[in-house]
Amino acid sequence: MDSIFAPKSSSISSLSSPALLSRFLEASSSRKFSSLTFIGSRPFRPSSYSTTFAMTSNDVSKPKIITGDFGYVLEDVPHFTDYIPDLSTYSNPLQDNPAFSVVKQYFVHVDDSVPQKIVVHKDSARGRHFRRAGPRQKVYFDSDEVHACIVTCGGLCPGLNTVIREIVYSLYHMYGVTTVLGIDGGYRGFYARNTIALTPKVVNDIHKRGGTILGTSRGGHDTSKIVDSIQDRGINQVYIIGGDGTQKGASVIFEEIRRRGLKVVVAGIPKTIDNDIPVIDKSFGFDTAVEEAQRAINAAHVEAESVENGIGLVKLMGRYSGFIAMHATLASRDVDCCLIPESPFYLDGKGGLFEYIEKQLKENGHMVIVIAEGAGQELLSESMQSRNQQDASGNKLLQDVGLWISHGIKDYFSRQKTMAINLKYIDPTYMIRAVPSNASDNVYSTLLAQSAVHGAMAGYTGFTSGLVNGRQTYIPFYRIIEKQNKVVITDRMWARLLSSTNQPSFMSDKDVIEDKTECISGEKKEEGPATQFLDNGNCADGALENKEGDAIAQEKRRKQSLTERWLNHTVCCYNPNKVHDC
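See below:
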């Protein structure tokens, strides 16, 4: 990597432009250094602060890192001056805006950053930081030259219209930008459809509606066609709203724009109702989803409580991450069992789900179960033919585990002949996705949109606007797309849920054996969270019993039968947003 400001042991690379030198001299002006030495045209600073760049013409994918004393690391975002020389700057119009005249220090200091981790020990290093979001004193766009566009991609999520509205309002009323376009129908709208002119009047009331006024789609990402369209239309600010797949596409678009040397900002706003984007505290729409899930859980509880041996089964969103199910369960307090993708479970035998359901019905007379859509998929896939199909975004198409497990429960009790049950299955998935955002998400969406606009006007690009430890930040794309955020079932939040539901772990002997073997061999996969049988990432003593047991064999025999019944179920019962009692 090329190093500009470096300790004595590091190599010194030449600056690519006077503007780059000016920017980093300005950035360092607030720090006190014992001396600043120039070697030819290159500055050399004999301190521990260093800036490492990978924004060279041959490599655009490596991170841009700034390091400092006591283990300080800033994972910075790209800036125009990294690859475009001699850019003009302008005074920020906000300094003359009467709405912000009362704010003591509205402009963000150039050295402000936000730590990723705030719980530290007295001897801890300062750790990783992200650049703080907000308006800068100097901007790299004149208001009249800005041609912005907004695109929404992927699935629906509460708050999409709010983000669109606030981007338009921020550009118009904060920076005097009057040319804002909406891209119709996701990424393919760049090259396959007409644009929509967006003004404050057009977007004034859209935050009261669910969905997105721009339309959305999955897939359709053709980098060359998209960037050609951006270039042909004269667009110089691109705001991309979407989940991890969409942000991956945004990252590729940014790299192509940078390769062409275009003065075009690519700014992302993270959208995922599952809350599975890493680094950020949460994604917009999540609070609304948890709140709306309460309606389904309350309905399931009423149904279950009103009949003898009633079971209310609710399937919630959560393809790979069980955050909605976990938080909705904690908020409700009426749930007796919560099943998520991160916590494996099994059905038959001692300690299995069916035994727990029977126990709860005998003790309480009713039961409420919440299951995330991605939970238990391995139970279906083991006994079914390969169904590794994907949607246009590359997401695996999931089987309806809620409907499948409801038949499994009915089948178990019909065989046991110990009690008659009354099960109601509720799937509110699309009802939750389509609602307008609540007050909390409206505020959060506003902050995300305003932060993205401030960053774009300040010349930052290739970033996602996100909340880290309660502060708005700019996060480089590579950190957003490197992995998925998942529930850590060794964390306190999952322990709080278990104490609320009093459910068992549902871990089988086979699971314990596999976890123990992986730990001993050192092959534990990083992407999977540690299990309850791990203590600080190490195998707990006494957790292993070298037997598979009758429960596992019995479960395997049952899987094929349950799956066939699910697949052969009548089409009329496969109706989302419906109470199934057949």
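Quick note on numbering: the sequence shown equals residues 1 to 582 in UniProt numbering. Heads up, the beta-carbon is just placed ideally off N, CA and C, and yes, glycines get one too.
With 16 other Cβ atoms within 10 Å as the buried cut-off, status of residue i
i: D287; result: buried
i: S306; result: exposed
i: T563; result: The pLDDT assigned to T563 is 44, lower than 50, so where the model puts this residue is not dependable, and the model offers no usable value.
i: Y430; result: exposed
i: K117; result: exposed
i: Y460; result: buried
i: K424; result: buried
i: P98; result: exposed
i: N502; result: exposed
i: Q399; result: buried
i: A289; result: buried
i: N275; result: buried
i: N194; result: exposed
i: S499; result: exposed
i: S406; result: buried
i: N92; result: buried
i: R128; result: buried
i: V238; result: buried
i: S170; result: buried
i: L441; result: Residue 441 is actually Asp in this sequence, not Leu. Per the 10 Å Cβ criterion, buried.
Cα-Cα separation between residue i and residue j, rounded to whole angstroms
i: S229; j: P63; result: 28 Å
i: Q137; j: A372; result: 46 Å
i: D427; j: I421; result: 19 Å
i: V314; j: R433; result: 15 Å
i: M317; j: H147; result: 37 Å
i: P85; j: K263; result: 11 Å
i: K271; j: V151; result: 12 Å
i: S101; j: V108; result: 15 Å
i: S321; j: N485; result: 7 Å
i: residue 600; j: Y191; result: The structure shown has nothing for residue 600, since the chain only spans 1 to 582.
i: N236; j: V453; result: 12 Å
i: A296; j: N309; result: 19 Å
i: M55; j: D82; result: Its pLDDT being 44, under 50, M55 is placed unreliably in this model, and the coordinates cannot settle the point.
i: K248; j: Y478; result: 8 Å
i: D184; j: V443; result: 25 Å
i: S332; j: Q294; result: 6 Å
i: I269; j: S465; result: 6 Å
i: G351; j: A304; result: 23 Å
i: residue 589; j: S88; result: Past the edges of the chain, shown from 1 to 582, lies residue 589, and the structure says nothing about it.
i: D76; j: R471; result: 16 Å
i: G312; j: H221; result: 41 Å
i: D123; j: G71; result: 11 Å
i: G134; j: S451; result: 5 Å
i: residue 619; j: T216; result: The structure shown has nothing for residue 619, since the chain only spans 1 to 582.
i: T179; j: S283; result: 28 Å
i: I240; j: D111; result: 27 Å
i: S113; j: V252; result: 26 Å
i: V120; j: G245; result: 32 Å
i: Y90; j: V488; result: 46 Å
i: M367; j: L380; result: 23 Å
i: D96; j: S505; result: 59 Å
i: D348; j: R319; result: 24 Å
i: residue 583; j: D142; result: The structure shown does not extend to residue 583, since the chain is modelled only from 1 through 582, so no value can be given for it.
Closest Cα partner of residue i within the set the options
i: F80; options: V110, V266, I118, I183; result: V266
i: L198; options: T223, Q105, I167; result: I167
i: E358; options: A375, T418, G312, I324; result: T418
i: V468; options: V487, L448, M457; result: L448
i: E256; options: T223, N275, S406, A133; result: T223
i: S343; options: L361, G243, G374; result: G374
i: D281; options: F323, M174, N298, K104; result: F323
i: N161; options: P200, D144, D142; result: P200
i: A299; options: I273, V335, P278, M326; result: V335
i: G154; options: D441, R218, Q95, R126; result: R218
Residues that DSSP places opposite residue i in a beta bridge
i: H79; result: Y460
i: N422; result: G310
i: V370; result: V314, C338
i: residue 583; result: Here the chain has residues from 1 to 582 only, and residue 583 is not among them.
i: V180; result: A148
i: K64; result: D76
i: I475; result: T464
i: T89; result: DSSP lists no partner for T89.
i: A197; result: L181
i: F284; result: K271
> Residue ranges of each beta strand (DSSP E) run of no fewer than 3 residues wholly in the region 107-153, ordered along the chain?
Replying inline: The region 107-153 contains these whole beta strand (DSSP E) runs: 113-115, 127-132, 148-152.
> Quick one: complete alpha helix (DSSP H) runs, 4+ long, within the region 209-249?
Replying inline: Qualifying alpha helix (DSSP H) stretches, in chain order: 223-233.
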